[in-house]
Each structure stands twice: as C-alpha cells, then as structure tokens.
Amino acid sequence: MTELKAKVWLERDGWPVLGEGRARLLEAIDEERSILKAAQKLGMSYRHAWGVIKKINEALGKDIVLSIRGGKEGGSTELNELGRKLLKEYYDKAHEMDRILEKAHL
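Using the working numbering, you'd call the opening residue of the sequence shown number 648 and step up by one each time.
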C-alpha cells in the first residue's frame with residue numbers, strides 16, 4: 648500500500664521561514680526560555696541555534712524572540728508575540744495537512 652507523506656513549511660517571498668526543524672527549535676526555546684538549553688535539548692550547538700533564529704528574523708524583517716539579559720536569576724530568551732503566532736501558524740498548517748492526508752488514505 649502506498650503511504651502518503653507531506654512536508655509543510657512557511658515561506659516569505661520565496662524564502663523558507665519555518666519548517667519542522669525550525670519549529671521544534673522555537674518550541675524548545677519557548678519551553679526552556681533559553682536558546683542554549685533549547686539547543687542542548689535538540690542536540691545542536693548554540694551557534695547553530697542562534698544562526699537559525701537570525702535567518703528567521705532576516706526572512707521576516709522582524710525579531711521573533713525577546714532576550715532578557717542576566718541578573719540574579721540569569722538571562723532568558725522567549726518567543727515574542729510574532730514568534731508565537733508564527734509557530735501556531737506552522738502547526739495549524741501541519742495539522743491541516745495531516746487531516747488532508749488522513750482523508751486521502753481512506
């Protein structure tokens with residue numbers, strides 16, 4: 648039996664903004680409130696994770712994270728409103744595609 652699969656990603660002006668891997672990174676940043684901890688959780692370097700964030704920011708022309716510098720508790724990084732909207736949009740589209748594939752499979 649043939650198995651239907653699809654990959655979902657968001658683009659802007661023909662440039663990729665967010666796909667599965669980048670979405671996992673944003674989700675981990677939101678959970679961990681740290682790019683370093685998110686990168687470690689996903690088995691990637693901090694430098695690579697920060698590079699991914701920069702690419703998304705450049706594609707959108709706006710920042711998707713809010714970084715708060717050190718202090719007693721140390722710094723943190725979290726998704727800003729745009730970052731959360733982007734992540735929600737990605738997962739909404741991915742779930743929509745899953746539903747389409749399920750219907751096609753019947």
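Think of the CB as a built atom: it goes at the ideal place given N, C-alpha and C, for glycine as much as any other residue.
So, with DSSP's three-state summary, where would you put Arg671?
On the sequence shown, residue 671 is found 24 positions in, with the first residue counted as 1. Residue state, collapsed to three classes: helix.
Measuring alpha carbon to alpha carbon, tell me which residue in Gly717, Pro663, Ala670 and Thr649 is nearest Lys732.
In the sequence shown, counting from the first residue as 1, residue 732 sits at position 85. Of all alpha-carbon atoms in Gly717, Pro663, Ala670 and Thr649, the one lying nearest the alpha-carbon of Lys732 is that of Ala670.
Limits of the unbroken beta strand (DSSP E) element including Arg659:
Position 12 of the sequence shown, counted from the first residue, corresponds to residue 659. Annotation: the continuous beta strand (DSSP E) that includes Arg659 extends over Leu657 to Arg659.
Leu665 - partner residues in DSSP beta bridges:
For the purposes of this step, residue 665 is taken as residue 18 along the sequence shown, with counting starting at 1. Looking at the DSSP output, Leu665 shares a beta bridge with Leu657.
Among Val699, Trp662, Ala751 and Leu657, whose alpha-carbon lies nearest the alpha-carbon of Ile676?
Looking up residue 676 in the sequence shown gives position 29. Comparing Cα positions, the closest option is Val699.
Beta-carbon proximity check, Glu725 vs Arg680, cutoff 8 Å
As a working note, residue 725 is residue 78 in the sequence shown. As a working note, residue 680 is residue 33 in the sequence shown. Yes, the pair counts as a contact, with Cβ atoms nearer than the cut-off.
Alpha helix (DSSP H) containing Glu650: first to last residue?
Here residue 650 refers to the residue found at position 3 of the sequence shown. Careful: Glu650 lies outside any alpha helix (DSSP H) and carries neither H nor E.
For Glu749 and His742, the rounded distance between their alpha carbons:
Taking the first residue of the sequence shown as 1, we reach residue 742 at position 95. Taking the first residue of the sequence shown as 1, we reach residue 749 at position 102. Inter-residue distance for His742 and Glu749 is about 10 Å (C-alpha atoms, whole angstroms).
Pick helix, strand or coil for Ile700, following the three-state DSSP scheme.
By 1-based counting over the sequence shown, the position of residue 700 is 53. Helix at Ile700.
I believe Glu674 touches Leu734 by the beta-carbon criterion, under 8 Å. Please report the beta-carbon distance rounded to the nearest angstrom.
Taking the sequence shown and counting its residues from 1, the one referred to as residue 674 is at position 27. Taking the sequence shown and counting its residues from 1, the one referred to as residue 734 is at position 87. Under the criterion of beta carbons closer than 8 Å, Glu674 and Leu734 qualify as touching, at roughly 6 Å.
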